[in-house]
Every structure is written in C-alpha cells, then in structure tokens.
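**Q** For the sequence shown, this note's numbering gives the first residue as 38, with consecutive numbering after it. Mind having a look at this structure? Questions to follow.
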Amino acid sequence: FMWAPDCAYNPENQTYYFYFPHPANAANWNSTWRVGVATSKYPNKEFRVRGYIEGMPPEIDPCVFIDEDGQPYIYNGGGGKCYGGKLRKDDWTKLDGEVKPMTGLSDFHEATWIHKYNGKYYLSYADNNPGANRLRYATSDSPLGPWRSGGVLVDSRGVVPNQDGSKLQATNAAHNTHGSLQEINGQWYVFYHR
38 FMWAPDCAYN PENQTYYFYF PHPANAANWN STWRVGVATS KYPNKEFRVR GYIEGMPPEI
98 DPCVFIDEDG QPYIYNGGGG KCYGGKLRKD DWTKLDGEVK PMTGLSDFHE ATWIHKYNGK
158 YYLSYADNNP GANRLRYATS DSPLGPWRSG GVLVDSRGVV PNQDGSKLQA TNAAHNTHGS
218 LQEINGQWYV FYHR
C-alpha cells in the first residue's frame with residue numbers, strides 16, 4: 038500500500054524523511070488512508086516508521102516541498118481533492134497548523150509535486166483525462182495557493198509541449214502520469230512515469 042511516496046532531506050538534523058500513504062484498515066483501505074513517515078540517516082536503508090502525520094486528510098500521494106527559507110510543506114490528495122500545509126521546522130513528523138484545500142486547480146486527480154522557479158511556485162499533478170492522465174500544472178505566489186491553471190505539461194501520449202507550441206518525442210499511452218520537475222546542473226528536467 039505504499040503508493041507514490043516521497044522523501045526529503047533535512048540538513049539541520051541530517052535525516053531523511055520518507056512519507057508514504059498507508060491505510061489504517063486494510064479491510065477498508067480506500068477510505069482509511071493516512072500519511073505515514075519513516076526516518077533514516079541514509080537515503081536508501083535503515084528507515085524506521087515514526088507513525089502517521091496527525092491531521093492530514095485521508096488521501097494518497099504525499100509530497101514534501103522545502104522552501105528556500107527551510108520551511109517544509111506537505112501535500113496529499115486524490116479523487117479530485119488536493120490539500121497542503123506546513124510541517125514544523127523542528128519536527129518534520131508533525132503539522133504546523135491545519136492543512137487546507139488547494140484551490141484553482143483544473144481537473145485535479147492525484148500525484149501532487151511542488152517546485153519553485155523564478156520566484157513562482159509550481160504545482161504539477163495528474164488530471165482525469167479519460168484513458169490516460171495528463172501531467173498538468175498550476176502556478177502561485179505562495180506554496181499554499183491560490184493556484185492558477187497553467188495547462189498541460191505532458192499530454193496523454195507522453196508528448197511534452199515546447200514553448201513555441203511544437204511537440205517533443207511521444208511515448209506510448211498508459212493509465213496515469215505521475216511526474217516531478219527538478220533542476221540538475223542548471224538544466225530543468227521533467228521525470229514522469231506512464
């Protein structure tokens with residue numbers, strides 16, 4: 038049941054935090070989702086479960102975003118609902134206040150990802166396109182919205198639109214498109230699965 042987890046590194050305590058969706062009741066899993074967290078000093082081993090993030094809505098696909106000031110944010114969502122809130126700076130296993138619905142998203146389905154570029158926040162996500170989700174995005178001046186729809190980043194055929202409207206190489210269609218965007222050595226990349 039560890040669908041679509043996320044992991045973040047806290048340099049303050051040199052700890053990796055692994056966030057994962059998990060049902061509180063395996064017999065009734067679809068309505069009892071919780072966001073669990075495990076920690077380790079290593080990115081790939083020795084994780085220990087610390088419990089659930091109390092106060093998170095019963096949804097899937099957690100995402101953690103660390104802003105430039107070191108403030109961690111957590112998001113989750115599914116079935117058309119997306120939520121976000123702050124984590125405590127001194128304890129990334131606890132919320133700092135309440136989470137709230139993310140507004141302004143067009144056709145949200147699941148798989149939230151947040152990144153920041155040129156002072157703007159970007160929330161990308163899988164939409165409800167029939168047959169194969171597309172990777173959409175929205176922008177905001179705040180990590181908690183409100184959001185403005187930006188359109189489709191990766192369409193249902195795996196085609197990435199260029200700035201000039203032309204298309205990059207297509208891949209085979211599939212059921213869903215979960216993705217993330219990351220800057221590596223000055224170049225931005227979109228990573229996604231089909």
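Every residue, glycine too, gets a C-beta built ideally from N, C-alpha and C.
Work out the CA separation of CYS44 and PHE145 for me, nearest whole Å.
**A** 22 Å
**Q** Can PRO180 and TYR110 be called in contact, C-beta distance under 8 Å?
**A** For the pair PRO180 and TYR110, the CB atoms are nearer than the 8 Å cut-off.
**Q** In the DSSP output, which residue or residues are listed as bridge partners for GLU147?
**A** GLY115, ALA163
**Q** Return the chain-ordered list of same chain residues with a C-beta closer than 8 Å to the C-beta of ASP133, the five sequence neighbours on each side being excluded.
**A** GLY122, LYS123, LEU124, ARG125, LYS126
**Q** Going by Cα to Cα distance, which pick from ARG185, PRO183, GLY156, LEU160 is closest to ALA148?
**A** LEU160
**Q** For a test of the three-state rule: what should DSSP assign to GLU220, helix, strand or coil?
**A** strand
**Q** By the DSSP assignment, the beta strand (DSSP E) with ALA45 in it spans what residues?
**A** 43-47
**Q** Answer with buried or exposed for HIS215, where buried requires no fewer than 16 other C-beta atoms within 10 angstroms of its C-beta.
**A** buried
**Q** Is the beta carbon of LYS131 within less than 7 Å of some heavy atom of the ligand ZN?
**A** Among the components modelled here there is no ligand, and therefore nothing to report on the ligand ZN.
**Q** May I have the straight-line CA-CA distance separating LYS131 from MET93, to the nearest angstrom?
**A** 10 Å
**Q** Is the shortest distance between the beta-carbon of TYR53 and the beta-carbons of chain C less than 8 Å?
**A** The displayed structure is made up of one protein chain only, and chain C is not part of it.
**Q** The beta strand (DSSP E) with ILE103 in it runs from where to where?
**A** 100-103
**Q** Taking the continuous beta strand (DSSP E) assigned at VAL74, which residues delimit it?
**A** Boundaries of the beta strand (DSSP E) harbouring VAL74: 70-77, taken from the DSSP string.
**Q** Helix or strand or just coil, what does DSSP make of ALA61?
**A** Three-state DSSP puts ALA61 in coil, outside helix and strand.
**Q** Quick check: the Cα distance between GLN219 and GLY182, rounded to an integer number of angstroms?
**A** 20 Å
**Q** What residue does the beta strand (DSSP E) around ALA175 start on, and which one ends it?
**A** 172-177
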